[in-house]
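Have a look at the structure below, then the notes.
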DNA sequence: CGTTGATTTGATTAGATTCAACATATGTGG
DNA sequence: CCACATATGTTGAATCTAATCAAATCAACG
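Residue numbers (the working numbering), protein chains in the order written: chain X, 208 to 427; chain E, 208 to 427.
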């Protein structure tokens with residue numbers, strides 16, 4: 208049916224299924240390539256699928272009536288979205304936009320629901336995933352509500368950092384919106400960090416953390 | 208074992224269980240009365256239970272290092288918390304405080320996990336509940352990040368409103384923190400709404416909405 | 001009726017947004 | 001591979017909103 212077994216076999220929530228179970232899932236799945244800029248769905252759209260990101264990056268956002276964007280999640284390989292459709296046909300309350308060319312699998316929610324009801328395993332995995340995402344969102348909430356832009360940026364850098372190297376996975380505007388500040392403030396605050404010798408820039412999307420303690424200090 | 212069958216029989220996530228299943232759940236449950244002000248757990252505590260609110264109100268919050276509070280959720284009858292403990296022993300990343308005298312049931316997470324694995328029903332219900340909470344938190348996030356205090360308050364009033372009557376379920380400071388503003392700003396913005404004849408106050412915790420359209424206009 | 005906690009009000013200030021201009025980076029077709 | 005077009009990023013200056021701090025008032029409860 209699909210040369211994108213990837214979609215499902217390599218995705219955490221389905222990984223542990225038996226061969227027969229996997230075949231069941233495959234029956235209700237299809238996949239599609241999407242280009243950067245494609246809109247998978249828009250706030251208010253009716254959706255009846257669970258979407259699983261097999262390749263690429265998808266941005267989940269909400270917009271204010273003035274058009275200001277709040278990025279909720281950046282989803283990569285293995286992440287899913289549209290889980291509320293599992294329970295009932297659902298007008299989404301957010302938009303999903305492809306920001307890096309992607310392969311996305313869709314699973315019919317009615318059929319998936321059926322499957323899940325007989326596979327506690329899957330249900331449990333989705334449960335785990337959602338719990339984490341909830342915790343994540345709650346933490347974000349705390350930062351948005353309680354922090355100034357330096358704290359927010361420090362937290363972002365520490366989240367992205369690996370061996371003191373930070374590579375921005377998406378452009379700075381999106382990152383800014385992800386932590387709830389404007390791109391101008393993002394730029395200015397980054398500069399402040401550079402002036403303070405907390406960080407050094409290697410390229411536009413790569414920086415080195417020079418004083419991690421200072422950043423940690425900021426968020427505690 | 209307990210005269211608080213309430214804890215479980217009346218709580219949505221367990222409501223549909225058969226008698227035998229319910230007996231299984233009862234075996235791993237216990238309940239306890241808590242007074243206003245009691246701390247169920249604190250950020251960083253290790254928890255190994257799922258908590259279900261049978262009566263009263265519990266406030267889930269995070270605090271910044273400066274002590275500023277962000278209320279994440281206000282939980283009432285039937286709501287649960289501590290779901291991450293289902294997956295592994297978990298240091299909580301938030302605090303739970305009783306703000307109205309409560310009866311709280313605790314279910315050992317290891318045993319509950321076991322039970323869930325054989326009861327897709329329960330798993331599915333928790334899944335639904337978490338999905339809703341996630342959506343809720345995401346919406347909150349949008350408001351925190353994208354709205355000014357008038358929009359936030361308008362949204363709060365519309366959320367709480369029933370037949371144009373708003374009764375504040377908890378004190379104003381907590382509500383303010385719930386929508387991510389200070390109590391001073393809360394007070395001032397409420398006053399502005401009164402001056403604009405959007406609302407009228409009946410008592411300290413009761414107001415009437417006089418111009419709902421104006422409030423709706425604010426949030427769109 | 002006094003004490004404690006909650007709420008309101010006022011004055012000041014800090015911090016981020018906005019808007020506009022400029023600079024840099026990225027991508028495309030010739 | 002260059003030149004242009006478009007998208008992304010940076011900087012400055014003005015403005016504005018909500019936070020802060022301090023004080024006054026109000027409400028609830030033993």
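Note that the Cβ used here is the ideal one computed from N, Cα and C, for glycine as well.
Next on the checklist: Let's see if you can read the secondary structure: which residues bound the alpha helix (DSSP H) around residue 278/X?
Outcome noted: Position 71 of the first chain, counted from the first residue, corresponds to residue 278/X. Here residue 278/X belongs to no alpha helix (DSSP H); instead the beta strand (DSSP E) covers 276-282.
Checklist entry - According to the neighbour-count rule (16 or more other Cβ atoms, all chains shown, within 10 Å of its Cβ), is residue 274/X buried or exposed? => result Counting from 1 along the first chain, the entry for residue 274/X is found at position 67. Exposed is the call here.
Next on the checklist: For residue 427/E and residue 271/X, what's the separation of their Cα atoms in angstroms?
Outcome noted: For the purposes of this step, residue 427/E is taken as residue 220 along the second chain, with counting starting at 1. For the purposes of this step, residue 271/X is taken as residue 64 along the first chain, with counting starting at 1. So the alpha carbons of these two residues sit roughly 8 Å apart.
Item to check | Close beta carbons around residue 418/E, own chain, < 7 Å, minus the five adjacent residues each side | outcome: The sequence position of residue 418/E within the second chain is 211, counting from 1. Only 404, 405 meet the Cβ criterion.
Checklist entry - Run through DSSP, which three-state label would residue 330/E get? => result Translated into the one-based positions of the second chain, residue 330/E becomes position 123. Here residue 330/E sits in helix by DSSP.
Item to check | Beta-carbon spacing of residue 381/X, residue 266/X below 9 Å | outcome: The residue you call residue 381/X lines up with position 174 of the first chain. The residue you call residue 266/X lines up with position 59 of the first chain. Yes, Cβ-Cβ distance for residue 381/X and residue 266/X is below 9 Å.
Next on the checklist: On the CB-based measure, 16 or more other CB atoms within 10 Å of its CB, does residue 409/X come out buried or exposed?
Outcome noted: In the first chain, the residue the question calls residue 409/X occupies position 202. Residue 409/X should be labelled exposed.
Next on the checklist: Suppose you measure from the CA of residue 305/X to the CA of residue 246/X; what does that come to, to the nearest Å?
Outcome noted: Walking along the first chain from the start, residue 305/X turns up at place 98. Walking along the first chain from the start, residue 246/X turns up at place 39. The straight-line gap from Cα to Cα measures roughly 6 Å.
Next on the checklist: For residue 216/X, would you say it is in contact with chain E, using Cβ-to-Cβ distances shorter than 9 Å as the test?
Outcome noted: Position 9 of the first chain, counted from the first residue, corresponds to residue 216/X. No, residue 216/X lies away from the interface with chain E (no Cβ there is under 9 Å from its Cβ).
Item to check | Distance, residue 256/X Cα to residue 322/E Cα | outcome: As a first step, residue 322/E must be located in the second chain, where it is residue number 115. As a first step, residue 256/X must be located in the first chain, where it is residue number 49. Each residue's Cα considered, the two are about 29 Å apart.
Checklist entry - Out of curiosity, what's the CA-to-CA distance linking residue 290/E and residue 402/E? => result On the second chain, residue 290/E is found 83 positions in, with the first residue counted as 1. On the second chain, residue 402/E is found 195 positions in, with the first residue counted as 1. In a straight line, the C-alpha of residue 290/E is about 44 Å away from that of residue 402/E.
Checklist entry - Contact check, residue 330/E vs residue 331/X under 8 Å by CB: the rounded distance? => result In the second chain, counting from the first residue as 1, residue 330/E sits at position 123. In the first chain, counting from the first residue as 1, residue 331/X sits at position 124. Contact flag correct, Cβ pair sits at about 6 Å.
Checklist entry - Run through DSSP, which three-state label would residue 208/E get? => result For this step, residue 208/E is matched to residue 1 along the second chain. Interpretation of residue 208/E is limited by its pLDDT of 42, a score under 50 that renders its predicted location unreliable; no figure is taken from the coordinates.
Checklist entry - Alpha carbon to alpha carbon, what distance is there between residue 345/X and residue 208/E? => result For the purposes of this step, residue 208/E is taken as residue 1 along the second chain, with counting starting at 1. For the purposes of this step, residue 345/X is taken as residue 138 along the first chain, with counting starting at 1. Confidence at residue 208/E is low in this model, with a pLDDT of 42, below 50, so the placement of that residue should be treated as unreliable; the coordinate-derived value is given next. Straight-line Cα distance between these residues: approximately 36 Å.
Next on the checklist: Just to confirm my understanding: we take residue 286/X, look at its own chain, exclude 5 residues before and 5 after, and list those with CB closer than 7 Å. What are they?
Outcome noted: If you number the first chain from 1, residue 286/X lands on position 79. Hits under 7 Å: 260.
Item to check | C-alpha distance - residue 358/E paired with residue 350/E, whole-angstrom precision | outcome: In the second chain, residue 358/E corresponds to position 151, counting from 1. In the second chain, residue 350/E corresponds to position 143, counting from 1. Distance between the alpha carbons of residue 358/E and residue 350/E: 8 Å.
Next on the checklist: Could you compute how far the alpha carbon of residue 283/X sits from the alpha carbon of residue 264/X?
Outcome noted: Here residue 283/X is taken as the residue at index 76 of the first chain, counted from 1. Here residue 264/X is taken as the residue at index 57 of the first chain, counted from 1. Spanning the two alpha carbons is a distance of roughly 5 Å.
Item to check | Own chain, CB closer than 6 Å to residue 421/X, minus 5 neighbours either side, in chain order | outcome: Here residue 421/X corresponds to residue number 214 of the first chain, with the count starting at 1. The residues are 405.
Checklist entry - The alpha helix (DSSP H) with residue 366/E in it runs from where to where? => result Position 159 of the second chain holds residue 366/E. Taken as a continuous stretch (DSSP letters only), the alpha helix (DSSP H) holding residue 366/E covers 356-367.
Checklist entry - Can you tell which of 230/X, 365/X, 416/X, 221/X has the C-alpha that lies nearest to the C-alpha of residue 328/X? => result Residue mapping note: residue 328/X aligns to position 121 of the first chain, counting from 1. Measuring from the Cα of residue 328/X, the nearest candidate turns out to be 221/X.
Item to check | Which listed residue (379/E, 424/E, 242/E) has its alpha carbon closest to that of residue 308/E | outcome: The residue labelled residue 308/E in the question sits at position 101 within the second chain. When only C-alpha atoms are compared, the closest one is 242/E.
Next on the checklist: Which residues in chain X have a C-beta closer than 8 Å to the C-beta of residue 301/E? List them in chain order.
Outcome noted: Taking the second chain and counting its residues from 1, the one referred to as residue 301/E is at position 94. What residue 301/E touches in chain X: 345.
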